[in-house]
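Trainee: Just dropping this structure here.
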Amino acid sequence: METSDTTRALLAAKKAAGLSFADLGKVIDRDEVWVAALLYRQASAPQDEALKLAEVLGVGSEVADELTEPPAKGLGPVVPTDPLIYRFYEIMQVYGMPLKDIIHEKFGDGIMSAIDFTMNVDKEEDHEHGDRVKVTMSGKFLPYKRW
């Protein structure tokens, strides 16, 4: 995945300020996952939120303006090579069809929205086999229309 100049500038400013995505989320009352998606240009923000983030990060208004633009989303057409990102790709390769069938059994013919959607990342400490990553996804069910 190519990282844009804007993303590199935002991440550098975040690091220089010693802030986490959760810290930035508190500034604009948003979840840390959504804020990270915004900085990686996978989401767009309202002008007031973009300006608050730009101020806290000490970046110019031109960066804030870019955060309000609808982005081109996705990783691109290639298989991701970053090991962590690849594991999510691998999870979908292995469990994608089973998840699809289970969702269809429970809800019927349709999809889970990635627009009306939330995701949270939590750390489960002191597990028997070490710390664990817990990712919770919640998307609105959208049935296919019959006509």
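In terms of our numbering, the sequence shown opens at residue 1014 and continues consecutively. Where a beta carbon is used, it is the ideal one built from N, C-alpha and C, also for glycine. All figures in this text were calculated on a predicted structure; none of them were measured in a lab.
Compute the Euclidean distance between the alpha carbons of residue 1050 and residue 1038, then round it to the nearest angstrom.
Mentor: Residue numbering aside, residue 1050 sits at position 37 when the sequence shown is read from its first letter. Residue numbering aside, residue 1038 sits at position 25 when the sequence shown is read from its first letter. One C-alpha to the other measures close to 11 Å.
Trainee: For residue 1030, collect the residues of the same chain with a Cβ closer than 8 Å to its Cβ; drop the 5 residues on either side in sequence, then sort them by chain order.
Mentor: The residue given as residue 1030 occupies position 17 in the sequence shown. Closer than 8 Å at Cβ, skipping near neighbours: 1069, 1070, 1071.
Trainee: Is the distance from the Cβ of residue 1076 to the Cβ of residue 1019 below 8 Å?
Mentor: The count along the sequence shown starts at 1 and reaches residue 1076 at position 63. The count along the sequence shown starts at 1 and reaches residue 1019 at position 6. It is a contact, given that the beta carbons lie within the stated cut-off.
Trainee: Looking only at its chain, what residues have a beta carbon closer than 6 Å to the beta carbon of residue 1073, apart from the 5 residues adjacent to it on each side?
Mentor: In the sequence shown, the residue the question calls residue 1073 occupies position 60. Answer for residue 1073: no residue qualifies.
Trainee: Taking the alpha carbon of residue 1091 as the reference point, which residue from 1102, 1083, 1085, 1084 has its own alpha carbon closest?
Mentor: Here residue 1091 refers to the residue found at position 78 when the sequence shown is read from its first residue. It is 1102 whose Cα lies nearest to the Cα of residue 1091.
Trainee: Is the segment 1034–1048 in contact with the segment 1082–1089, if contact means three or more CB pairs nearer than 8 Å?
Mentor: Contact fails: fewer than three Cβ-Cβ distances are below 8 Å.
Trainee: Could you give the residue range of the alpha helix (DSSP H) that holds residue 1100?
Mentor: The sequence position of residue 1100 within the sequence shown is 87, counting from 1. 1096–1120 is the extent of the alpha helix (DSSP H) around residue 1100.
Trainee: Given that a residue counts as buried once 16 or more other Cβ atoms are within 10 Å of its Cβ, and exposed if not, what is residue 1158?
Mentor: On the sequence shown, position 145 is the one that residue 1158 refers to. Exposed, because fewer than 16 other Cβ atoms sit within 10 Å of the Cβ of residue 1158.
Trainee: Just to confirm my understanding: we take residue 1062, look at its own chain, exclude 5 residues before and 5 after, and list those with CB closer than 6 Å. What are they?
Mentor: Looking up residue 1062 in the sequence shown gives position 49. Closer than 6 Å at the Cβ level, and outside the excluded window around residue 1062, lie 1041.
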